[in-house]
Amino acid sequence: MKNLFSIGELSKLQNISRQTLIFYDKIGLFRPAYTDPDNGYRYYSSSQLDYLDTICIMKRIGFSLNEIKAHMKSFRIENSIAALRKQLSTINHQIEELQMIKNRVEHRCLQLEHSISIRDCSDIVSIEEVSPQYILLQKVTEPYTLEMLSIATKECFVRSSKEQLPIFFQSGAIVPYERILRGRYTEASFAFLSIEKSDNIDGVLELPKGRCVFTYHTGDYLSIGRSYERILEYCRIHHFNIVSDSYEFAINDYLSTADESEYITKILFYIA
């Protein structure tokens, strides 16, 4: 039709799909200037092009379709400034969150790359001076099975997501020393996630600076007893006094491999 664009022509001109234009019509966001009553074909006027540009730009900036629809009802410069300032705050928050995620992913990549070298020395027991670190705790319920530990770990992840806590993508478990002495190596009392130092967060435990004995366990979790026996024997021979429960840090686990033979767990005790 004269001075009108068909939906196909507008689609090509604006680089937007026909389905999107039809959807915008249905929700009342961007309706055609004329709809043929006989065949239902939609036609758009040249004066509508700027309006559609505004919608596309706002969508790219991050406004929802409902926000755009509401904004276009009071389309004035003052309202545009207010809307853009509000969106700018949202974008800045998203940038901060993405930067935090980027740092966590970089940390995880380095950790996994380091795990490749660990596999060749997983039977070694060593001593290290650890710096303070923080863990977000979730209690494991009786009977302290691996299933209960898995549930507690999931609860930890869910909480961190809901509350947007600054966790690292690393899980772990605390196994009471007295259970280890009884050979109950997999009966953890707490699951945990490594987390940045944060104020006013319940359930965060600070692991202090101190001298620790550690080893790496390679393989499925059910076989971790052999690594505990190795580290306990080392402490007996060298007359080290274990003064803490066991802290197990998952270096390589189900989050990075489906092959349990590739699992790597760092076992750590504080010693005196």
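Here the sequence shown is numbered in this note's numbering, starting from -17 and rising by one per residue.
In this text, a Cβ means the ideal position worked out from N, Cα and C, and glycines have one as well.
{"Query": "Per-residue DSSP class, three states only, for residue 170", "Result": "coil"}
{"Query": "Cβ-based burial, residue 20 [other Cβ within 10 Å; buried from 16]", "Result": "exposed"}
{"Query": "Backbone CA spacing between residue 69 and residue 140 [nearest angstrom]", "Result": "27 Å"}
{"Query": "Straight-line gap, residue 54 to residue 83 (C-alpha atoms, nearest Å)", "Result": "34 Å"}
{"Query": "Pair within 9 Å by beta-carbon distance, residue 180 and residue 116", "Result": "yes"}
{"Query": "Chain-order list of residues whose beta-carbon lies under 7 Å from that of residue 188 (same chain, five-residue window excluded)", "Result": "114 and 116"}
{"Query": "Nearest residue (CA-CA) to residue 18, options -13, 40, 168 and 125", "Result": "-13"}
{"Query": "Spatial distance of residue 312 from residue 175 (CA atoms)", "Result": "This structure cannot settle anything about residue 312, because the visible part of the chain is limited to -17 through 254."}
{"Query": "Cutoff 6 Å; reference residue 126; Cβ partners in own chain excluding five residues on either side", "Result": "169"}
{"Query": "Sequence ranges, beta strand (DSSP E) only - wholly within the stretch 165 to 222, length at least 3", "Result": "172 to 177, 186 to 189 and 192 to 200"}
{"Query": "Closest residue to residue 198 among 204, 245 and 237 (Cα-Cα distance)", "Result": "245"}
{"Query": "Nearest to residue 164 (by Cα), restricted to the options 190, 207 and 131", "Result": "207"}
{"Query": "Beta carbon of residue 90 nearer than 9 Å to that of residue 12", "Result": "no"}
{"Query": "Residues bridged to residue 159 (per DSSP)", "Result": "BP columns for residue 159 are empty, so no partner."}
{"Query": "Distance, residue 173 Cα to residue 9 Cα", "Result": "47 Å"}
{"Query": "Unbroken alpha helix (DSSP H) run spanning residue 24, endpoints", "Result": "Taken as a continuous stretch (DSSP letters only), residue 24 belongs to no alpha helix (DSSP H), being part of the beta strand (DSSP E) at 24 to 27."}
{"Query": "Residue burial classification, residue 204 (beta-carbon count within 10 angstroms, cutoff 16)", "Result": "exposed"}
{"Query": "Spatial neighbours of residue 209 in its chain, beta-carbon cut-off 7 Å, leaving aside the 5 residues before and after", "Result": "197, 199 and 249"}
{"Query": "Buried or exposed (CB count within 10 angstroms, at least 16 for buried), residue 37", "Result": "buried"}
{"Query": "Distance, residue -9 Cα to residue 146 Cα", "Result": "45 Å"}
{"Query": "Closest residue to residue 216 among 142, 106, 143 and 201 (Cα-Cα distance)", "Result": "106"}
{"Query": "Range of the contiguous alpha helix (DSSP H) that encloses residue 5", "Result": "0 to 8"}
{"Query": "Residues bridged to residue 121 (per DSSP)", "Result": "172"}
{"Query": "Closest residue to residue 161 among 120, 143 and 211 (Cα-Cα distance)", "Result": "211"}
{"Query": "Cβ-Cβ distance between residue -2 and residue 24 below 9 Å", "Result": "no"}
{"Query": "Helix, strand or coil at residue -12 according to DSSP, with G and I counted as helix", "Result": "strand"}
{"Query": "Residue 77, buried or exposed, once every other Cβ within 10 Å from all chains shown has been counted against 16", "Result": "exposed"}
{"Query": "Length-filtered (4 minimum) alpha helix (DSSP H) runs lying within the stretch 25 to 76", "Result": "31 to 43 and 47 to 54"}
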